[in-house]
Every structure is written in structure tokens, then in C-alpha cells.
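Numbering (the working numbering), first residue to last: 4 to 189.
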């Protein structure tokens, strides 16, 4: 029974969504090649629930819509919320990545120059990149109106795992790689 309990625990842990007792039974029978009673599955699930109800564990086994999954206990929700906020800040949209690439390769660059390259307004995107500290204001241009100049920041280098802008692939290298990939599919 202990082996079955560990296998069920592993299945619940590895499942991206809730996993039903029927699915668990089918997977274990397929793996072991032996029939297993539904009661054995239910008892093992109960044992896992008891184990994780202990306050020494940050997670518990929960049945949601007929499927079992591990969830963090409510007491830990504030710190999990902070993690989700941090992770959402790290995700970049396609427009953010395009704008960031333009800034990285053309810096220092004004917002107007970025918009001319992209062909769309980029106020929001530039603001979000500033908030995420991936770009910084590097000064003001000497041209008429003295527009703000933008460049990449140290967090930009950290985010992309490079030491400096010199570590970015040269545009020629990128084009050669794209052409190479295109040739493979022709």
C-alpha cells in the first residue's frame, strides 16, 4: 500500500490539473500491470490528505470538481501573491519585446525614433518597460524639443543573461540564423 500511496502522491504532484481516482486507478493498473481496487485508491488518498493536513506542510491535498490536486494552505497565500506579482512583472508582451530590442540595438534612442521604427504609438510600452526597470532614461537629445533618450539597464542584462550590450547577437548574426532556419524548411 505504501508504494501505491507514493505513486498517487507523485501523480497528483505531477498533474497540472486535478486528477480523479478513476484516472489514478487506470494509470497505476497500466503501470503495474495488476488490477487495483478503487477502495485501495481512496484509502491511499485519505492517507495523503492526513499527511498534508499536518501544519508542518505548506500544502494540502484538495478535491476540486472530482479531481485531486495539491494547493498551498491559505496561511501562505500572502507570500504566494507576492510571487505571482513578481512573475507577472517578468513576463513581456510581444510589443514590449519588440520595443526592447529596438532600444537595445539603437540606444540611446528617443520615443519618436522607436515609434518610427515600429510604426505604432509606444507610450504604454515604454512606460511599462520603465516600471519593470528594463530601460532607463539616459538623458536628453540635443535635437529640437530635447526629447528623452532611452537605453537598457542592468536589470535588462540580468533578465537576458548577458553581461553587457556587446554580448547581444549582432543583427547580421540574427539574419544569418533566420535565413539558415528558413533554408531548412524549403
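Yeah, the Cβ is synthetic: ideal placement off N, Cα and C, and Gly gets one too.
Model, not experiment: these values are computed from the prediction.
Which of helix, strand or coil DSSP assigns to residue i
{"i": "residue 6", "result": "helix"}
{"i": "residue 64", "result": "strand"}
{"i": "residue 165", "result": "coil"}
Beta-carbon gap between residue i and residue j smaller than 7 Å
{"i": "residue 155", "j": "residue 107", "result": "yes"}
Bounding residues of the alpha helix (DSSP H) (the contiguous stretch that carries residue i)
{"i": "residue 72", "result": "Residue 72 -> not in any alpha helix (DSSP H); beta strand (DSSP E) instead, spanning 70-75."}
{"i": "residue 54", "result": "41-56"}
{"i": "residue 101", "result": "97-109"}
{"i": "residue 26", "result": "24-35"}
Inter-residue Cα distance where the pair is residue i and residue j
{"i": "residue 2", "j": "residue 90", "result": "Summary: the structure shown does not reach residue 2, with the chain confined to residues 4 through 189, and so no result is reported for it."}
{"i": "residue 55", "j": "residue 8", "result": "13 Å"}
{"i": "residue 123", "j": "residue 112", "result": "16 Å"}
{"i": "residue 18", "j": "residue 74", "result": "12 Å"}
{"i": "residue 150", "j": "residue 144", "result": "5 Å"}
{"i": "residue 164", "j": "residue 94", "result": "15 Å"}
{"i": "residue 43", "j": "residue 67", "result": "20 Å"}
query: Which full runs of the alpha helix (DSSP H) of 4+ residues lie inside the segment 117-163, going along the chain?
result: Those alpha helix (DSSP H) runs which fall completely within the segment 117-163 and span 4+ residues are 126-134 and 157-163.
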